[in-house]
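For what it's worth, the working numbering labels the leading residue of the sequence shown as 23, then goes sequentially. Report on the structure given below.
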Amino acid sequence: MVALRPGQNLLLNNRLWSLWQVLPGEGRQLTIEAIGASEASFGMTRRLTAIQYGSELFIEQRRGGYWQANLERDWQQSDNGPVLVCRPANALDLLNVHTQSPALGQLTNEFSWSYSRSAKYRFCTRAYYYHYYAAWEGWRPESPPPVRTAYLLKNLTDLSRWIGAMVHDSLRFALARLRAGRPVSRDDLVGQMYRRAQADFESSQNGRYQQQPNALVGFQEHYYKVPLDKTTWQTSWQRAEQRLDTFLTSELYDRLGQYPPDSFLDVETLHSFSLAETKIWVQLDLARFDGQRIEIYAWKSGASDSVEIRRQLGVYGLYLRQTQPEWRHVPIRGMVYNLVDDRQEEVGLDPTTLEAVETEIKADIAHLRGLLVEPQANLAEINRFPMIDDRAICRGCQFRELCGR
Ligand code: SF4
C-alpha cells in the first residue's frame, strides 16, 4: 500500500506543509506531524488526524470536513520536492470511499436479502445505502466520524416504530409462553412492557444510547431535538397498550391458547435460507400447524398493501418449503392480523403464488447486486443510490443529517 513519508509535502488550502512524522494509529487512522513551509504558515507546526483507505487519504479539517487526496495520482513536483495536492471533501466523499473499500478485520459485509432490506430500498435508495453499506464498521471506535454517525442513525427508532417493536416483542413473549404451556397474565405483560418503555425513554433522553446504539433505544425525536410534549409520549404508550389488549382479548389469542403447544412451529426466530446463491433472512411472527395446514401469521398495525403482504408472507412460505421438505405437500395459508382493529385477513400462498414471489425475489437480488461497483465483494458507490426528491418524506427520515435535509 502506498504511504505518506516524512520529507514529503502537503498542500492544504494553498498552504504548504512539510511532513516530519507520520504515525500509524488504530485501524485506518494516521497521525501526521507537519511544519509550515509556505509564507502564510512558515514555521507553524500542526498535528493532523488522517484516515487512509488504500491510496485515498482523508485529513480531518479543524472546523469539520476533510482534505482528500489520492496518494498515487495527486502529486506535483515543486522546489521543495513532491507535494500532495489535497482538495476539500465532506462526509459523503469519505463514505463513498469507505463503501468501496474492503472491510477491516474478519467480519465482512456480505450481501444478503430480506423483506425489510428490499422495503428499505423501495423507501429510499440513499437510506438503503447508508443502512447496508455506509454504517458498516460504525461500531468500531476508531472508525471515521461519518461512519460512526451512519451507524448511530441506522439504529435510531421513532415513536411509531417503537410502539410496533414493543408490541411485537410482547406478543412474542406471550406466544412463547403459550407454546411452553405457561400462559402469561395480561397484567404481567403490560407491566413488563411499561418497564421497558421507561428504560427506553430514559436511555434515549439521557443520550446513553449513543455509547451502544445497537443495544439501547435512541429516538430520532431526541437526536434531532424535535419538541415532544408529555401528552405525545402518553398517547404513544396508550396506543401500545391498546394494541396489546386488542390481541390479548381477541378470538385469535383465545384460539391459540387452546391448541396443543407442539402445534406452534415458530415464534419470531431469525432464520435464513438460500435463494439465487444469496442468504435470505426471515423472521416469522408466528407459524403453526393446525393438523392439515401450516398457518403463517404477520402482525400489522395499520393499513397493509396486499402486494407487500403477499410478498412478505410468500418469503416465509418459501423458507418453510425449502427448510422443511417433509412438509412440501402441506398447504400453507398466510394470515394477517391487524392489531388496531382486531381484523384477520387470509392471504393465499399456493404453489403458483410462491413461485411468483420467488421470481420477484430473484429479480430484486439481481437488481440490488447489479447496482454494486463490485458485486462479489459487495462494494457500493454512493452515486448509484440517489436521494429522493420528496423532502416531506425526508423530514421523518433518521438519516436526514447525512443528507443535509
Ligand atoms: S433524508 Fe431523504 S434522501 Fe436522505 S436518506 Fe432519508 S429519505 Fe433518503
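Even for Gly, the Cβ is constructed at its ideal location relative to N, Cα and C.
- Around aspartate 364, the same chain offers Thr268, Ser272 as residues with beta carbons nearer than 7 Å, after the five sequence neighbours per side are excluded.
- When beta bridges are read from the DSSP output, histidine 389 appears opposite no residue.
- With a 10 Å radius around the Cβ and a threshold of 16 neighbouring Cβ atoms, histidine 153 comes out buried.
- Distances from the CB of cysteine 416 to the heavy atoms of the ligand SF4 include at least one below 7 Å.
- For tyrosine 246, the distance from the CB to the nearest heavy atom of the ligand SF4 is not below 7 Å.
- In this structure, leucine 211 lies near leucine 266, with their beta-carbon atoms less than 8 Å apart.
- Counting other Cβ atoms within 10 Å of its Cβ, methionine 215 reaches 16 or more and is therefore classed as buried.
- Look at isoleucine 318: its beta carbon is at least 7 Å from all of the heavy atoms in the ligand SF4.
- A distance of 8 Å or more separates the beta carbons of alanine 202 and proline 168.
- The bridge partners DSSP lists for phenylalanine 295 are Ile302.
- With 16 or more other Cβ atoms inside 10 Å of its own Cβ, histidine 120 counts as buried.
- Counting along the chain, isoleucine 185 sits inside the alpha helix (DSSP H) bounded by residues 181 to 201.
- When the beta-carbon positions are compared, glutamate 164 and glycine 49 come within less than 8 Å of each other.
- Inter-residue distance for proline 205 and serine 285 is about 15 Å (C-alpha atoms, whole angstroms).
- Considered as a whole, the region 212 to 281 harbours 242 to 245, 252 to 270, 273 to 280 as its complete alpha helix (DSSP H) runs of no fewer than 4 residues, in chain order.
- Annotated as proximal: leucine 52 and valine 44, with beta-carbon spacing under 8 Å.
- For the ligand SF4, residues qualifying as neighbours are Cys146, Arg148, Ala149, Met409, Ile410, Cys416, Cys419, Phe421, Arg422, Cys425, Arg427, where qualification means a beta carbon closer than 5 Å to at least one of its heavy atoms (chain order).
- In this structure alanine 309 is in contact with glutamate 317, their Cβ atoms being roughly 7 Å apart against a cut-off of 8 Å.
- From the listed residues Glu396, Val329, Ser182, the smallest Cα separation to glutamine 242 is found for Ser182.
- Alanine 157 sits in coil when the DSSP states are folded into three classes, being neither helix nor strand.
- Straight-line measurement puts the Cα of arginine 333 at about 53 Å from the Cα of tryptophan 97.
- Annotation for proline 104: the continuous beta strand (DSSP E) segment containing it runs 103 to 107.
- As DSSP reads the structure, alanine 320 sits in a beta bridge with Val358.
- Per the DSSP secondary-structure output, tyrosine 75 pairs in a beta bridge with Glu78.
- Per DSSP, the beta-bridge partners of valine 369 are Gly356.
- The secondary-structure analysis by DSSP pairs alanine 111 across a beta bridge with Tyr88.
- For glutamate 380, the closest C-alpha among the options Ser136, Pro235, Glu396 is that of Ser136.
- In the DSSP assignment, the residues bridged to proline 46 are Leu52.
- Put simply, the region 115 to 130 touches the region 393 to 407. At least three CB pairs are less than 8 Å apart.
- Judged by beta-carbon spacing, glutamine 366 lies beyond the 8 Å limit of leucine 287, meaning their Cβ atoms are not closer than that value.
- Of the residues assessed, aspartate 222 falls on the buried side of the cut-off, its CB having 16 or more other CB atoms within 10 angstroms.
- Bounds of the alpha helix (DSSP H) holding arginine 139 are 137 to 145.
- Residues of the same chain with a CB within less than 6 Å of the CB of leucine 175, apart from the 5 flanking positions on each side, are Gln420, Phe421 in chain order.
- Cα atoms of aspartate 101 and valine 107: separation of roughly 14 Å, rounded to the nearest angstrom.
- About 5 Å separates the beta carbons of leucine 371 and glycine 356, which is inside the 8 Å limit, making them a contact pair.
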